[in-house]
Amino acid sequence: MSYTLGQKQLDRIEDILKADLIDNGVRCVCLIDMAGNIVANLDNGEKQHDIYSLAALAAGNFGAVDAMAKIIGESEFSLLFHKGKRENIHFSKISSEFLLITIFGNEISLGFLRLKVGESVGQLKGILDPLFSRNG
Amino acid sequence: MAFVNLKTKMIQVKIVYYGPGRGGKTTNLEYIYRKFHQRIHSEMVTVKTHGDRTLFFDFLPFDIGIINGYQIKIQLYTVPGQVQYNATRQLVLRGVDGIVFVADAMAVRRENNIQSMKNLQANLTSYRKSLDTLPWVIQYNKLDLREQGIPVMSVAQMEQDLNRRFKRPVFPASALKGANVVATLKKIISLTVTSIRSELA
């Protein structure tokens, strides 16, 4: 099972991520699927990360957290956040197939980030959900 | 679940090395990493236990160049082979496009190979996938151990155990020495890319 995204859809996705997240001070944002593929990736130009490795680990990590949720009787943990000294990572599930990863510094509050991520996720669902219901 | 990006003209493909614990899956990836390090622009990611066994997976992204105008990025993964890590194996198999089953040719590992193959089939079923339809190959690893006097199964015996029904391409190999590691990789890439192309056609 493969899926395809066209220029128009990817431009729209990048516009959303830029306007909601990068323009609001997020350092790096990455939209991945649960197989670990990178759908879109934007950063503020300051730092380059090894995003392919990050995506593989994030997909596995999120899958592991999902499995833990089921063990304790939750249907899912839809939010995951790691705090570092200077950099923080926030994971947000968009659907059963897609995950949004944001890397941000301490100048942004987690509350503000969650608000902006929530707005992005709502818009991204509009593009990504029909894609997967069509592809099965 | 290959992803085709029409904007960047890139296809990302996931290939998983599966098989019993200590069979040589990580050694395959380590050899590929050493052999092609100029074409691999990032470090190989490994998540290991203190005992140096794969705990989560190994990961190696690998550019194979342009086919029909599309840049193909192969993402190689291994799974942890030990029986108790099945939840992790299931996670890694998510969205798999092609599989290399690395069987251990040591005679004492016969049952481990058979169990691992059954486990692979069961895990694929949970994603509504099957060895009957997925692109996959078998590598019979450690055949060189015969030279050291270690009891090793014949290819015919392993074919009977693992490949009788499927008749998939097989590669007698030594992952440690690199024998047939690249041939195995080339075959699974070719089968997987062909399968994705026909799926998208």
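Line by line, the protein sequences give chains C and X. Residue numbers for the first sequence follow our numbering, so the first one is 302 and each next one is one higher. Residue numbers for the second sequence follow our numbering, so the first one is 90 and each next one is one higher. Every residue gets a Cβ at the ideal spot worked out from N, C-alpha and C, and that includes glycine.
Pairing C:Leu355 with C:Ile395 gives a Cβ-Cβ distance that is not under 8 Å.
C-alpha of X:Val244 to C-alpha of X:Ile227: approximately 11 Å in a straight line. A buried status is given to X:Met247, since no fewer than 16 other beta-carbon atoms sit within 10 Å of its beta-carbon. Around C:Ile402, the same chain offers Cys331, Ala359 and Phe392 as residues with beta carbons nearer than 6 Å, after the five sequence neighbours per side are excluded.
Among the bridge pairs identified by DSSP, X:Val181 is matched with none. Under the Cβ criterion of 8 Å, C:Ser410 is not counted among the residues facing chain X. Close CB contacts of X:Ser284 within its chain, under the 6 Å cut and outside five residues either way in sequence, are with Pro224 (chain order).
Taking the C-beta atoms as reference points, X:Leu209 is found nearer than 8 Å to X:Tyr107.
No Cβ-Cβ contact shorter than 8 Å links X:Asn202 with X:Gln179. Here the region 141–161 of chain X makes no contact with the region 426–434 of chain C; the two share fewer than three CB pairs at distances below 8 Å. Chain-order list of chain X residues neighbouring C:Ala365: Leu180, by C-beta distance under 7 Å. Counting of Cβ neighbours within 10 angstroms places X:Ile239 among the exposed residues, the total staying below 16. DSSP places X:Ser215 in the uninterrupted alpha helix (DSSP H) bounded by Arg199 to Ser215.
The contact set of C:Leu311 on chain X, defined by CB atoms closer than 9 Å, consists of Asn94, Leu95, Lys96 and Thr97 in chain order. Straight through space, the alpha carbons of C:Lys384 and X:Ala272 are spaced by roughly 43 Å.
Neighbours of X:Lys256 in chain C, taken as residues whose beta carbon is under 7 Å from its own, are absent, since the nearest beta carbon is some 24 Å off. Relative to the Cα of X:Gln173, the nearest Cα in the group X:Leu289, X:Thr143 and X:Val191 belongs to X:Thr143. Out of C:Asp344, C:Gln349 and C:Ala336, the CA that lies nearest to the CA of C:Asn362 is found in C:Ala336.
Neighbours of X:Ser131 in chain C, taken as residues whose beta carbon is under 7 Å from its own, are Asp351, Tyr353 and Ser354 in chain order.
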